[in-house]
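Visitor: Pasting a structure here, questions to come.
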Amino acid sequence: MRKKIFILMFLIQIQVFAQCIAGNCKDGFGKYDFGFAVYEGNFKAGKPNGQGTMDYGGGDKFVGSFKNGQEDGDGQLFKKHIPQAVTYVNGKVKVRVVQTNIGSNAPAIEGCLQGDCYNGFGKIKFPSGNLYEGNFVYGVRNGQGKFVFASGNVLTATFKDNEPLQGSFFYFNEDTTFYGTFNDDGTPNSGDYKYPANRATVTVVNGVITNIDNPVAREAEEKAEKEKEGKICSKCGGKGMCQGAAYAQTTESYYTVNTYKSNGSLYSSSDGNVGRKTTMVKPPPTRCTQCDGTGKVFGGDQIIMSKRY
Ligand SMILES: [Zn+2]
């Protein structure tokens, strides 16, 4: 019983949303709101049948032939206002006319500077001053392309229905480039922001920052840590004691005595050449004055503030 009530309410809701809003939606010409689309055209037995237009909104619609409530036969399928010739069989597209080289049949695209800005590779300048160079499919950006904005920003990406899917976005003023995927509205979704100025990388996932890597700040912190530990004293080599320079010490004087024999008697005399004997003396090690006996010195560049970005 409960189930029955639920089904009944569901049917009522369908009736509320789906309704004939003009003309004869049973057998004749009328306008019917299906909720997801509005159909205007011929009806037979309460279903679209014959020529009509099924408008899905947002520039998406089918203008053509219907049979028993489904698209059936030839017509024009509009995707974001861009038409393409199609043939439907029982609600499914069987033939899609994709004209890759329509030559002189291409509509004149305002601002097209070179190439084919409708179906092919072209370069177009918009009234805003923004430039786009890349692939077009029926006037819609599809495939590889590059935007050079008047602001200096540059977007290089794979496009689908005018919107970038994946690529890079260079921010001129910030001198930063985002590499990754984009949201439907063209804003960055997931990827890395690279900052060449300080070699930093900011990683975002679904627009939320998940990691920040700033090698310059990290290296500064590491350097500060090393400064705290101190450097080995250059004067004592870390020993704390210094060996002073050896000095000369005069230990004795000398002179030469000559002994000689004359007429059977011995005589001796000094030659008057007085000299000194000098030896080099090493002093005992003393406490190092540079490190005050600790073996380490502190100082050099002092990190006043270190901040990770
Ligand atoms: Zn020392």
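Under mature numbering (1 follows the signal peptide of the UniProt record, and there is no 0), residues -18 to -1, 1 to 291 are what the sequence shown spells out, in order. Here a beta-carbon is modelled for each residue, glycine too, at the ideal position from N, C-alpha and C.
1) In the DSSP assignment, the beta strand (DSSP E) including Lys105 goes from what residue to what residue?
2) What's the gap between the Cα of Lys105 and the Cα of Gly97?
3) Tell me whether the beta-carbon of Gly46 lies closer than 8 Å to the beta-carbon of Phe25.
4) Who are Leu137's beta bridge partners in DSSP?
5) In terms of alpha-carbon separation, which member of Thr169, Asp274, Ala199 and Ser250 lies closest to Ser216?
6) Return yes when at least one heavy atom of ligand 1 lies under 7 Å from the C-beta of Gly222, else no.
7) Whole beta strand (DSSP E) runs in the stretch 138 to 204 with 3 or more residues, listed along the chain?
8) For Lys217, does the three-state DSSP call read helix, strand or coil?
9) Going straight from the alpha carbon of Gln1 to that of Asn101, what length do you get?
10) Decide if Arg123 is buried, meaning its Cβ has at least 16 other Cβ atoms within 10 Å, or exposed.
11) Going by beta carbon distance, what residues of the same chain come within less than 7 Å of Asn180, once the five residues before and after it are set aside?
12) Pick helix, strand or coil for residue 300, following the three-state DSSP scheme.
13) Excluding the five sequence neighbours on either side, which residues of its own chain have a C-beta within less than 8 Å of the C-beta of Thr192, listed in chain order?
14) Would you call Val263 buried or exposed, if buried means 16 or more other Cβ atoms sit within 10 Å of its Cβ?
15) Can Phe44 and Gly57 be called in contact, C-beta distance under 8 Å?
16) CA-CA distance, Lys259 and Gly226?
17) For Gly17, name the three-state secondary structure that DSSP assigns.
18) I believe Phe160 touches Tyr175 by the beta-carbon criterion, under 8 Å. Please report the beta-carbon distance rounded to the nearest angstrom.
19) Is DSSP giving Asn240 helix, strand or coil here?
20) From the DSSP secondary-structure annotation, give me the bridge partner or partners of Gln52.
21) Does at least one heavy atom of ligand 1 sit under 7 Å from the Cβ of Gln225?
22) Give the DSSP-derived three-state secondary structure of residue 294 in the structure shown.
23) Taking Cβ to Cβ, would you say Gly220 is nearer than 8 Å to Ile214?
24) Given the structure, does Gly277 come close to ligand 2, in the sense that its CB is under 7 Å from one of the ligand's heavy atoms?
25) Label Pro266 either buried or exposed according to how many other C-beta atoms from any shown protein chain fall within 10 Å of its C-beta, with 16 as the threshold for buried.
26) On the DSSP bridge assignment, give the partners of Cys2 in chain order.
27) Below 8 Å between beta carbons: does that hold for Glu115 and Lys128?
28) Among the candidates Lys243, Thr163 and Lys208, whose CA atom is the shortest distance from the CA of Gln148?
29) Keeping to the same chain, check which residues put their C-beta closer than 6 Å to that of Tyr38; ignore five residues upstream and five downstream.
30) Is any heavy atom of ligand 1 found at a distance shorter than 7 Å from the C-beta of Lys213?
31) Between the alpha carbons of Lys74 and Val68, how many angstroms are there, rounded?
32) Check for me: the beta strand (DSSP E) holding Tyr120 runs from which residue to which?
33) When DSSP labels each residue in this structure, what does Gln96 get in the three-state scheme?
Guide: Based on what the coordinates show:
1) Run containing Lys105: Gly102 to Lys107, per the beta strand (DSSP E) assignment.
2) Cα to Cα, the separation comes out at about 6 Å.
3) no
4) Partner(s): Phe129 and Phe151.
5) Asp274
6) yes
7) Inside the stretch 138 to 204, DSSP marks whole beta strand (DSSP E) runs of 3 or more residues at positions 145 to 153, 158 to 164, 170 to 177, 182 to 187 and 190 to 195, from first to last along the chain.
8) coil
9) 39 Å
10) buried
11) Asn196 and Val198
12) What the structure shows of the chain is the stretch from -18 to 291, and residue 300 is not part of that stretch, so it cannot be assessed.
13) For Thr192, where only same-chain residues beyond five positions count, the Cβ hits under 8 Å are Thr185 and Val186.
14) exposed
15) yes
16) 22 Å
17) In the three-state reduction of the DSSP assignment, Gly17 falls in the coil class, being assigned neither a helical nor a strand state.
18) Contact annotation, Phe160 with Tyr175: C-beta distance approximately 5 Å; criterion of less than 8 Å satisfied.
19) strand
20) Lys49
21) no
22) Nothing in the structure corresponds to residue 294, since the chain is present only between -18 and 291.
23) In contact: Gly220 and Ile214 (Cβ atoms closer than 8 Å).
24) Among the ligands present in this structure, namely ligand 1, ligand 2 is not found.
25) exposed
26) Tyr14
27) yes
28) Thr163
29) Ala19
30) Because no heavy atom of ligand 1 lies under 7 Å away, the Cβ of Lys213 does not count as near it: no.
31) 10 Å
32) That residue, Tyr120, is in no beta strand (DSSP E); it is neither H nor E in DSSP.
33) strand
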